[in-house]
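Peer 1: Quick one: this structure, given as structure tokens, is what I'll be asking you about.
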Amino acid sequence: MAGSSEIDNKQKYSSRWSLDGMTALVTGGTKGIGHAIVEELCGLGAKVHTCSRNQSELSECLSQWETKGFQVTGSVCDVMTPSQRQHLISKVFSLFDGKLNILILTKKRTLITYGATV
Numbered sequence: 001m002a003g004s005s006e007i008d009n010k011q012k013y014s015s016r017w018s019l020d021g022m023t024a025l026v027t028g029g030t031k032g033i034g035h036a037i038v039e040e041l042c043g044l045g046a047k048v049h050t051c052s053r054n055q056s057e058l059s060e061c062l063s064q065w066e067t068k069g070f071q072v073t074g075s076v077c078d079v080m081t082p083s084q085r086q087h088l089i090s091k092v093f094s095l096f097d098g099k100l101n102i103l104i105l106t107k108k109r110t111l112i113t114y115g116a117t118v
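Residues 1 to 118, numbered by the UniProt record's numbering, are exactly what the sequence shown covers, in order.
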């Protein structure tokens, strides 16, 4: 059982780092570091939208987060596809009434391809 000083420290931590009222988009939030970031942001009070290329993984994560009481929405999206990125941005704009405070991109490849110059 946690002692009173440990509980006090947790309350100080949570109030100091509160993200209540903040919104976040985390790409690739169903696996690895993206998943951990979604959970941390939600734990601090943020409303989060995440995306994944895999519907079943996304559905499973959304169900787990709902059980934990986290405010998370999600959509299927391959951020490497321009039309899907645009749809994602439109969806997030609508969900968060045009307000996005935090953007986390966890994609392994860059969205911009640089050409070699001679």
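Backbone N, C-alpha and C define an ideal beta-carbon position, used for all residues, glycine too.
As the structure is a prediction and not an experimental result, all values here were calculated from the model.
DSSP three-state call for T81: helix, strand or coil?
Peer 2: Walking along the sequence shown from the start, residue 81 turns up at place 81. Note: T81 maps to coil in three-state DSSP.
Peer 1: Are there 16 or more other CB atoms within 10 angstroms of the CB of L41, so buried, or fewer, so exposed?
Peer 2: Taking the sequence shown and counting its residues from 1, the one referred to as residue 41 is at position 41. Classification of L41: buried, given that the 10 Å Cβ count is 16 or more.
Peer 1: Using three-state DSSP, classify A36 as helix, strand or coil.
Peer 2: The residue labelled residue 36 in the question sits at position 36 within the sequence shown. Three-state DSSP puts A36 in a helix.
Peer 1: If you reduce the DSSP assignment to three classes, tell me which class L25 lands in.
Peer 2: If you number the sequence shown from 1, residue 25 lands on position 25. Reduced to three states, the DSSP call for L25 is strand.
Peer 1: Where do the N-terminal and C-terminal ends of the alpha helix (DSSP H) with L62 fall, by residue?
Peer 2: Locating residue 62 in the sequence shown gives position 62, counting from the first residue. Unbroken alpha helix (DSSP H) run through L62: Q55 to T67.
Peer 1: Relative to the C-alpha of T27, which residue among V79, K91, N101 and S83 is closest?
Peer 2: Against the sequence shown, residue 27 aligns to sequence position 27. Cα-wise, what sits closest to T27 is V79.
Peer 1: Tell me the DSSP secondary structure of G45 in three-state form.
Peer 2: On the sequence shown, residue 45 is found 45 positions in, with the first residue counted as 1. G45 carries a coil assignment under DSSP once its states are collapsed to helix, strand and coil.
Peer 1: Between L58 and G74, is the Cβ-Cβ spacing less than 7 Å?
Peer 2: The sequence position of residue 58 within the sequence shown is 58, counting from 1. The sequence position of residue 74 within the sequence shown is 74, counting from 1. Yes, these two residues count as a Cβ contact at 7 Å.
Peer 1: Taking DSSP as the reference, what is the three-state secondary structure of residue 140?
Peer 2: Past the boundaries of the shown model lies residue 140; the chain is included only from 1 to 118, so the question cannot be answered.
Peer 1: Report the rounded CA-to-CA distance for L44 versus T30, giving the unit in angstroms.
Peer 2: Mapped onto the sequence shown, residue 44 falls at position 44. Mapped onto the sequence shown, residue 30 falls at position 30. C-alpha separation (whole angstroms): 18 Å.
Peer 1: Considering just the uninterrupted stretch of the beta strand (DSSP E) at residue 142, what are its terminal residues?
Peer 2: Nothing in the structure corresponds to residue 142, since the chain is present only between 1 and 118.
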